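Each residue of the sequence shown is one higher than the last, beginning at 304 in this note's numbering. Scroll down for the structure; my scribbles are underneath it.
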Amino acid sequence: MLLGTNLAVSWVRAAILLGIRVHALLWWLEKHWVAYQRSMFLMIGVAIQLHVGHGLYVWVAHAERTGTPLNPQGLLAILAMVFLYLHWEVMRKTAWPGTTKRGEKLYSDEVGSTASAVIAFAMMAGAVGLYPWLTTGWLFLAFLFVMLAAVFTWGVAELGWTWSFTSLSNPYEE
Numbered sequence: 304m305l306l307g308t309n310l311a312v313s314w315v316r317a318a319i320l321l322g323i324r325v326h327a328l329l330w331w332l333e334k335h336w337v338a339y340q341r342s343m344f345l346m347i348g349v350a351i352q353l354h355v356g357h358g359l360y361v362w363v364a365h366a367e368r369t370g371t372p373l374n375p376q377g378l379l380a381i382l383a384m385v386f387l388y389l390h391w392e393v394m395r396k397t398a399w400p401g402t403t404k405r406g407e408k409l410y411s412d413e414v415g416s417t418a419s420a421v422i423a424f425a426m427m428a429g430a431v432g433l434y435p436w437l438t439t440g441w442l443f444l445a446f447l448f449v450m451l452a453a454v455f456t457w458g459v460a461e462l463g464w465t466w467s468f469t470s471l472s473n474p475y476e477e
């Protein structure tokens, strides 16, 4: 029904919705493809396509409803939202060895805690880096300040984590 109502208004929006619906059938991968089940990064690589589809739908729908041409900055905004989502997703499933319950699936299990944190940081830097191009140019200095502050904070936190985790035992170990 949703596809039909969108087709009556816009074939572009209907095509995007059809892509989202076809993507929803990828649940099959979760049940039948072992490589997909084992790799957190493969899972997120497939799942992010759904977020891109939603962003494209909103971008196209806004342009059509307001009667304006598609603004290329909309693609930058979608890319920034993808970076934000990837940062959140990777960071929420990153942990230092010995700090999680057995059986948890984490990105840090595949590439290591530091690499996982670097990936999450890169995704946030990408999102923040796109911000000046989505707003006025003078905000680039603010971007540089935020990035320098983040690097400093991360360095201090890394040092603190290293000291605290080497002296503590894992409460989940038996």
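No residue lacks a Cβ here, since even glycine has one placed at the ideal position from N, Cα and C. All values reported here derive from a predicted model rather than from experimental measurement.
Nearest-angstrom Cβ-Cβ length linking residue i and residue j, presumed shorter than 8 Å
{"i": "V385", "j": "H354", "result": "6 Å"}
{"i": "S419", "j": "T403", "result": "Actually they do not touch by this definition, with Cβ atoms about 12 Å apart."}
{"i": "E413", "j": "F344", "result": "6 Å"}
{"i": "Q352", "j": "H335", "result": "Q352 to H335, Cβ: 19 Å. No contact."}
Sub-8 Å separation of residue i and residue j beta-carbons
{"i": "L433", "j": "L382", "result": "yes"}
{"i": "Y360", "j": "R405", "result": "no"}
{"i": "G322", "j": "G377", "result": "no"}
{"i": "P372", "j": "A364", "result": "no"}
{"i": "M427", "j": "H390", "result": "yes"}
{"i": "L437", "j": "L379", "result": "yes"}
{"i": "V421", "j": "V449", "result": "no"}
{"i": "L310", "j": "R324", "result": "no"}
Span of the alpha helix (DSSP H), counted from its first residue to its last, around residue i
{"i": "T369", "result": "M343 to T369"}
{"i": "L329", "result": "Counting along the chain, L329 falls outside any alpha helix (DSSP H), and DSSP gives it neither H nor E."}
{"i": "G377", "result": "Q376 to R395"}
{"i": "G406", "result": "Looking at the DSSP string, G406 is not in any alpha helix (DSSP H), and its letter there is neither H nor E."}
{"i": "L310", "result": "L305 to V312"}
Nearest candidate by alpha-carbon position, reference residue i, set the options
{"i": "V312", "options": "R368, Q352 and S342", "result": "R368"}
{"i": "Y410", "options": "I319, E333 and R341", "result": "R341"}
{"i": "E333", "options": "A318, L320 and A350", "result": "A350"}
{"i": "R395", "options": "A423, W331 and T308", "result": "A423"}
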